[in-house]
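Going letter by letter, the sequence shown gives residues 1044 to 1138 in the working numbering.
This report refers to the structure that appears directly beneath it.
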Amino acid sequence: MFNPEARWDRPLPQDDAFCGQAIDVVVSFKRGGFFPLWFFLHGNKHIIKNVQFSWQEKKGAEAFHLFSVTDSNDTQYTICFIPGNFRWRVILEDA
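Have a look at this one:
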């Protein structure tokens, strides 16, 4: 089982780690989970080509679902689903 605490190659969450630009996301539900298919950021549709990995992080009592994805332009994003308010945010964008 994947243990996000064992990862050494990612930054530790900061207090504002789950802040970011709000996005609209279309997801697929399969195999007991959900996976993003595409999202809208700044009015542009980004089709997700690949989900590199997904993990959960806790902040207080809430668990956040994070996905590291690349779009059709090979731009990498980290997007986050916040179950408490059913919102999605992009928290990291690597050009």
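All C-beta atoms in this analysis are idealised placements derived from N, C-alpha and C, irrespective of residue type, glycine included.
Self-check item: Outcome for Ile1090 when other beta-carbon atoms lying within 10 angstroms are tallied against a minimum of 16
Solution: exposed
Exercise. Would you mind working out which of Gly1103, Glu1136, Cys1123 and Gly1075 sits nearest Asp1067, comparing C-alpha positions?
Key: Cys1123
Quiz item: Of all the options Ala1104, Gly1086, Tyr1120 and Phe1072, which has the alpha carbon lying nearest to the alpha carbon of Gln1095?
Solution: Tyr1120
Quiz item: Do you know how far the Cα of Ser1071 is from the Cα of Gly1063?
Solution: 23 Å
Self-check item: Unbroken beta strand (DSSP E) run spanning Ala1104, endpoints
Solution: Run containing Ala1104: none; DSSP gives neither H nor E here.
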